[in-house]
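S.K.: Before I ask anything, here is the structure I am working with.
Numbering (my numbering), first residue to last: 107 to 319.
Below, the structure written as structure tokens:
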């Protein structure tokens, strides 16, 4: 039997997906930040998040009208995108999707992205902000794993639509808020994931760059 917190979390996820434009509007009003439409999802969203931006991974053309007027910049795949971003005068950055041939090449990509993110937001992605973002996304990944494990053990815990909405809600929420939602549904405390798993010492941009190889 699912408790009230689980049911409320499921309803909240459904509402986030159904009223995504309003959710992004509220986030922008509360933070003064800007939203970046990502086509496709970027492998290093931490760079955008650390600069005070909200990365929104659009899954289908149907997401575009839902977010009309909310996207402040576009990050598109340099090689291909699942569907074209609207033509506009908004800032646009092309991010290569092919694996980098070396750490140096990967680092160049991440540094270029960080510079663009700073230009869009007006705030640099500081080292402290990058580590905070790395931890936030690591926490969310661990909660996703816990959710999938729970669904594997208890197939009736979520139906496919509920699971899809919970996952999709993460496209419109910052990782901290999405982690709170996942924690509520799972009935567990959300604790920041230990950043040492990704190498807390050193340059966080290098840590992120290694994902691109």
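Cβ coordinates follow ideal geometry from the N, Cα and C atoms, glycine included.
All figures in this text were calculated on a predicted structure; none of them were measured in a lab.
1) Please determine, among 202, 206 and 129, the residue with the shortest C-alpha to C-alpha distance to residue 187.
2) Hey, is the region 137 to 154 in contact with the region 110 to 121, meaning 3+ C-beta pairs nearer than 8 Å?
3) Going by C-alpha to C-alpha distance, which of 154, 130, 172 and 159 sits closest to residue 139?
4) Have a look at residue 127 and residue 196 and give me their C-alpha separation to the nearest angstrom.
5) Looking at the unbroken alpha helix (DSSP H) that takes in residue 151, where does it start and where does it end?
6) At 3 residues or longer, what runs of the beta strand (DSSP E) sit wholly inside the region 150 to 208?
7) Just to confirm, are residue 142 and residue 226 a CB contact at a threshold of 8 Å?
8) So, using beta-carbon positions, are residue 153 and residue 219 closer together than 8 Å?
9) Along the chain, where does the alpha helix (DSSP H) that runs through residue 315 open and close?
10) Taking the alpha-carbon positions, what's the residue 179 to residue 132 distance?
11) Going along the chain, which residues of its own chain have a beta-carbon closer than 7 Å to the beta-carbon of residue 233, five neighbours each way excluded?
12) Give the range of the beta strand (DSSP E) segment to which residue 145 is assigned.
13) Cα-Cα, which of 272, 238 and 198 is closest to residue 184?
14) For residue 208, count neighbouring C-beta atoms within 10 Å of its own C-beta (all shown protein chains included) and say buried if the count is 16 or more, exposed if not.
15) Taking 8 Å as the limit between beta carbons, can you name the residues of its chain near residue 276, skipping five residues before and five after?
M.R.: To lay it out plainly:
1) Within the chain shown, numbered from 1, the residue matching residue 187 stands at position 81. With distances taken between Cα atoms, residue 187 lies closest to 202.
2) The region 137 to 154 vs the region 110 to 121: no contact.
3) Taking the first residue of the chain shown as position 1, residue 139 is located at position 33. Taking only the C-alpha atoms, the option nearest residue 139 is 159.
4) The residue labelled residue 127 in the question sits at position 21 within the chain shown. The residue labelled residue 196 in the question sits at position 90 within the chain shown. In a straight line, the C-alpha of residue 127 is about 18 Å away from that of residue 196.
5) Taking the first residue of the chain shown as position 1, residue 151 is located at position 45. Its alpha helix (DSSP H) spans residues 151 to 156.
6) 159 to 163, 179 to 183 and 198 to 201
7) Numbered from its first residue, the chain shown carries residue 142 at position 36. Numbered from its first residue, the chain shown carries residue 226 at position 120. A Cβ-Cβ contact shorter than 8 Å links residue 142 with residue 226.
8) Counting from one through the chain shown, the residue named residue 153 turns up at place 47. Counting from one through the chain shown, the residue named residue 219 turns up at place 113. Yes, the pair counts as a contact, with Cβ atoms nearer than the cut-off.
9) The residue you call residue 315 lines up with position 209 of the chain shown. In this chain, the alpha helix (DSSP H) harbouring residue 315 covers 310 to 315.
10) In the chain shown, residue 179 corresponds to position 73, counting from 1. In the chain shown, residue 132 corresponds to position 26, counting from 1. Those two C-alpha atoms are separated by around 18 Å.
11) Residue mapping note: residue 233 aligns to position 127 of the chain shown, counting from 1. For residue 233, where only same-chain residues beyond five positions count, the Cβ hits under 7 Å are 310.
12) Taking the chain shown and counting its residues from 1, one reaches residue 145 at position 39. Segment 140 to 145, the beta strand (DSSP E) holding residue 145.
13) Taking the first residue of the chain shown as 1, we reach residue 184 at position 78. With distances taken between CA atoms, residue 184 lies nearest to 198 out of 272, 238 and 198.
14) For the purposes of this step, residue 208 is identified with residue 102 of the chain shown, where counting begins at 1. Result: exposed.
15) To locate residue 276, count along the chain shown from 1; it is residue 170. Same-chain partners within the cutoff: 246 and 284.
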